[in-house]
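Each residue of the sequence shown is one higher than the last, beginning at 1 in the UniProt record's numbering. All C-beta atoms, glycine included, are put in the ideal place defined by N, C-alpha and C.
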Amino acid sequence: MENSTPSQYISSILRKNVLVKLYNGCDYKGILAGLDERMNLAMEDTVEYKDGKHVKTYGDAFIRGNNVYYISHDRKPQE
């Protein structure tokens, strides 16, 4: 999304499929259900990946904001 603020971007991907990359190298794909002012995330239908390999599937997941490296819209369907 061009010429937008971070909060506008986050609003645009709320309730959509996202990819969340953590500082420890883990990736989470799922639906961004919500977040708070500290960027703590609530996700639904979450799948965890490490080094590109499926690790575990979760129903709901909560990720502490200080662990998040970045969040992006995930246009690819989950495997």
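query: Can the beta-carbon of residue 21 be found less than 7 Å from the beta-carbon of residue 69?; result: yes
query: When you compare the CB of residue 7 with every CB in chain D, is at least one pair closer than 7 Å?; result: Annotation note: the requested chain D is absent from the structure, which comprises a single protein chain.
query: Are residue 63 and residue 32 touching if we call contact CB-CB under 7 Å?; result: no
query: Determine the DSSP secondary structure at residue 72, reduced to helix, strand or coil.; result: strand
query: Helix, strand or coil for residue 34? Go by DSSP, reduced to three states.; result: strand
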